[in-house]
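Trainee: Residue 240 in the numbering used here sits at position 9 of the sequence shown; the count goes up by one each step and never skips. I have a structure here, written as structure tokens, and I will follow up with some questions on it.
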Amino acid sequence: MTGRTIVRSTAVLVALAPWLLVAGTYAAGGESLGALVHVADTRHLGGFNLYFANLYNVNRVLFTALSVGMTGAMGLGLGLVMDVVVGAIGLDLSKREAKE
Numbered sequence: 232m233t234g235r236t237i238v239r240s241t242a243v244l245v246a247l248a249p250w251l252l253v254a255g256t257y258a259a260g261g262e263s264l265g266a267l268v269h270v271a272d273t274r275h276l277g278g279f280n281l282y283f284a285n286l287y288n289v290n291r292v293l294f295t296a297l298s299v300g301m302t303g304a305m306g307l308g309l310g311l312v313m314d315v316v317v318g319a320i321g322l323d324l325s326k327r328e329a330k331e
């Protein structure tokens, strides 16, 4: 891209930004929509599902930290299991050389 094309593209984006903001504000008829509330329905849950749904409703930061930690732990566990499975079928990936 040439310098002139970049300047023109930037000018178009700067000119369109206020229009997009105004269009988004008045898309619902210009009325205030109020706060959006996210809660998990816990009426028919039990066990771990009930615990995590209540945790989501009460403490989002702890729910996020626990979810990220569990995702990493499950990924590590799956990687270790697959390493054993691949080794059991006779593939030795530890002797491969990376050609970069």
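By construction, the Cβ of each residue, glycine as well, lies at the ideal position given by its N, Cα and C atoms. This one's a predicted model, so the numbers in the text were calculated from it and none came from an experiment.
#1: Report the CB separation of R273 from A284 in whole angstroms; it is logged as a contact under 8 angstroms.
#2: Closer than 8 angstroms by C-beta to L286: which residues in its own chain qualify, once you throw out the five before and the five after it? Chain order, please.
#3: Considering A319, what are the terminal residues of the alpha helix (DSSP H) in which it resides?
#4: Between the C-alpha atoms of A246 and G234, what's the straight-line distance to the nearest angstrom?
#5: Does DSSP classify K330 as helix, strand or coil?
#6: Keeping to the same chain, check which residues put their C-beta closer than 7 angstroms to that of V270; ignore five residues upstream and five downstream.
#7: Return the CA-CA distance between L252 and A242, expressed in angstroms with no decimal places.
Mentor: So, from the data block:
#1: The question names Arg, but residue 273 in the sequence shown is Thr. With 8 angstroms as the limit, T273 and A284 qualify as a contact, their Cβ atoms being about 5 angstroms apart.
#2: L293, F294, L297
#3: 291–319
#4: 18 angstroms
#5: coil
#6: N288
#7: 16 angstroms
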